[in-house]
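There are 2 protein chains.
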Amino acid sequence: MFDLDLRSRAPIYEQLTEKIIELIVNGVLKPDEQLPAVRVLAAELTVNPNTIQKAYKELDHRGYIYSLPGKGSFVRPAIPEDHTLRLQSLEHDLKRIIAQMLYLGLSADQIENLVKHLISTNKGGSSHD
Amino acid sequence: MFDLDLRSRAPIYEQLTEKIIELIVNGVLKPDEQLPAVRVLAAELTVNPNTIQKAYKELDHRGYIYSLPGKGSFVRPAIPEDHTLRLQSLEHDLKRIIAQMLYLGLSADQIENLVKHLISTNKGGSSHD
DNA sequence: TATATGTATTATGACGAATAGTACAGTTGA
DNA sequence: TCAACTGTACTATTCGTCATAATACATATA
Chain A
1 MFDLDLRSRA
11 PIYEQLTEKI
21 IELIVNGVLK
31 PDEQLPAVRV
41 LAAELTVNPN
51 TIQKAYKELD
61 HRGYIYSLPG
71 KGSFVRPAIP
81 EDHTLRLQSL
91 EHDLKRIIAQ
101 MLYLGLSADQ
111 IENLVKHLIS
121 TNKGGSSHD
Chain B
1001 MFDLDLRSRA
1011 PIYEQLTEKI
1021 IELIVNGVLK
1031 PDEQLPAVRV
1041 LAAELTVNPN
1051 TIQKAYKELD
1061 HRGYIYSLPG
1071 KGSFVRPAIP
1081 EDHTLRLQSL
1091 EHDLKRIIAQ
1101 MLYLGLSADQ
1111 IENLVKHLIS
1121 TNKGGSSHD
């Protein structure tokens, strides 16, 4: 569920942060659901507890979770981030991907069909409201 | 033209590599066009010549340029890379972006129209065959 | 030959990531 | 009360990568 890519350039704590955000955002982790304890997740992923703590701290700071000493860390019900900025970033990435695909020889139709396919398969996979 | 972001997490040599690839695939740098000399570009960007060399070496290894000792480094006319792997990677990224956009409230139509728009605007900017 | 080009090598410093270890505070239930 | 869990904080250390520095060498060309 929290699988990591140890060969990635991105640091573990950041991969974990992004992964958990994705799980929250896609509704896999429900509001107020408890996350694995720092030490538990550290053991599960065979990484240092400090690394997990760093990720949780970041998630807390960005508003995705809240932590209660002695109790645990939980998914924050409200999503705080400004979607406009996020959308701009996504659009920028999308633009680059499309440019690459066109260069690699895909036609406009092929790309559009691929997008349609990904949209339809995604709808089945994630439900959040 | 080869502007860098020194605050980025990506190393300089990789930023430069990607930047040059982008210039090549978008047709800004023409086939057989000479790239700036290692030492010249190093001075221009105020980085170490070894850093430039590392980028050029990577570009050579990936087939985007060819280097002739005593002459210089030039844009390779044919693009050699195995597109299959690159496409798989792009498709994977695309899938994630679409999932995020759907979550952020964009409709399927909106995404498809955005893609069409990006495709049409891209076609004007890049020409390679 | 002088000067440009790419290439290779070794050494070094700087920085961040991850680990190791310890300690402290709050919660919970036996 | 006490043991066992939770999050949190802190220092020290190891490790790898990036970038630099400084040479050296081979090739091309005017």
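Chains as they are written, first to last, in our numbering: chain A, 1 to 129; chain B, 1001 to 1129.
Every residue gets a Cβ at the ideal spot worked out from N, C-alpha and C, and that includes glycine.
Asked	Found
Between which two residues does the alpha helix (DSSP H) harbouring S89 of chain A extend?	83–103
Enumerate in chain order the residues of its own chain whose CB-to-CB distance from R86 of chain A is below 7 Å, with the five nearest sequence positions on each side excluded.	none
Whose C-beta lies closer than 7 Å to the C-beta of I12 of chain A among residues of the same chain, with five residues either side of it excluded?	L4, V47, T51
Against chain A, which members of the region 1084–1115 of chain B pass a CB distance test of less than 9 Å?	R1086, L1087, L1090, E1091, D1093, L1094, K1095, R1096, I1097, I1098, A1099, Q1100, M1101, L1102, Y1103, L1104, G1105, L1106, A1108, I1111, E1112, L1114, V1115
I'd like to confirm the pairing. Which residues does DSSP put opposite V75 of chain A in its beta bridges?	A:I65
What does a CB cutoff of less than 6 Å around S73 of chain A pick up in its chain, not counting 5 residues either side in sequence?	L35, Y56, I65, S67
Determine the direct distance from the alpha carbon of V28 of chain A to that of S126 of chain A, and round the result to whole angstroms.	Residue placement at S126 of chain A is flagged as unreliable, the pLDDT there being 43, under the threshold of 50; the coordinate-derived value follows with that caveat. Those two C-alpha atoms are separated by around 8 Å.
Please state if the CB of L1090 of chain B and the CB of Q100 of chain A are separated by a distance shorter than 8 Å.	yes
In terms of DSSP beta bridges, what is Q1053 of chain B paired with?	Answer by DSSP bridge pairing: none, since Q1053 of chain B is not bridged.
Here's the rule: buried if 16 or more other CB atoms are within 10 angstroms of the residue's CB, otherwise exposed. What is N133 of chain A?	Any question about residue 133 of chain A goes unanswered here, given that chain A covers just 1 to 129.
Pull up the distance between the alpha-carbon of H128 of chain A and that of L23 of chain A, whole angstroms please.	Model confidence at H128 of chain A stands at a pLDDT of 38, short of 50, so the residue's coordinates are unreliable and nothing is read from them.
If we cut at 8 Å on Cβ distances, does H128 of chain A have a partner in chain B?	In this prediction, H128 of chain A scores a pLDDT of 38, lower than 50, which makes its location untrustworthy; no coordinate-derived value is stated.
Quick check: is the beta carbon of I1012 of chain B nearer than 8 Å to any beta carbon in chain A?	no
Can you give me the Cβ contacts of R62 of chain A inside the same chain, cut-off strictly under 6 Å, excluding the 5 residues immediately before and after it?	none
Below 8 Å between beta carbons: does that hold for P1077 of chain B and D1032 of chain B?	yes
For chain B, check one thing: does any of its Cβ atoms lie closer than 8 Å to the Cβ of L59 of chain A?	no
Along the region 43–76 of chain A, where does the CB come closer than 9 Å to a CB of chain B? Name the residues.	none
Along chain A, in chain order, which residues have C-beta atoms closer than 9 Å to that of V1028 of chain B?	Those within 9 Å of V1028 of chain B in chain A number zero; the least Cβ separation is about 12 Å.
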